[in-house]
Each structure stands twice: as C-alpha cells, then as structure tokens.
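Residue numbers (my numbering): 460 to 551.
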Ligand SMILES: [Zn+2]
C-alpha cells in the first residue's frame, strides 16, 4: 500500500510552474466553426479548420493569405507569354 502512494506522487505536477489551464477554451475559425478544447489559452482565432480545409471537405478551394495566388498567377501568365531565351540551341 505504501508503494502505491509513492508511485502516485511521481505523477503529480510541480506547483507554480504551469500556466492556468482552461478546460473549456474556445477556438473560433474564420468559417464560423467553434471548437471547445482544453488549452492554456482561453480564446483562439484560426483562419482554417478541419471543417473548412479543402483536404477534409474534398472541394478544391484556393486559400489566399496575402494575394499570393494572384501574384503567382500573374507571374505564370507572364512567363507563358514570354518566349524562351535559348531558342533551338542544345547544350553540348
Ligand atoms: Zn473553418
């Protein structure tokens, strides 16, 4: 019986080193989905979640953070319109 008590004391947490733990923390996604989890932060805002991510929904959707998709499409169309510099020459 004494040994059991000693094992139990091994798994107790140290005091005064852990942040406050919120058992009902709220994660809010940009799509409106609300997830409740346990976390050291009480409230979290995310841009994408499993409810709206294309991987999980199966729908193709472009996730654009800062106009990167537009920049890429602009560069791609520019590159397609330009002619290659080394025309007809092969390396030896
Ligand atoms: Zn979402």
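For each residue, glycine too, the CB sits at the ideal point set by N, CA and C.
Answer with buried or exposed for residue 514, where buried requires no fewer than 16 other C-beta atoms within 10 angstroms of its C-beta.
exposed
Buried or exposed by the 16-neighbour rule on C-beta atoms within 10 Å, applied to residue 460
With a pLDDT of only 48 at residue 460, under the threshold of 50, the placement of this residue in the model should not be trusted; the figure read from the coordinates follows. Residue 460 comes out exposed.
Residue 486 CB to nearest heavy atom of ligand 1 below 7 Å
no
Going by beta carbon distance, what residues of the same chain come within less than 8 Å of residue 574, once the five residues before and after it are set aside?
Within the shown structure, residues of the chain are numbered from 460 to 551, placing residue 574 beyond reach of any answer.
Beta-carbon contacts of residue 531 that lie in its chain and below 8 Å, excluding the five residues immediately before and after
none
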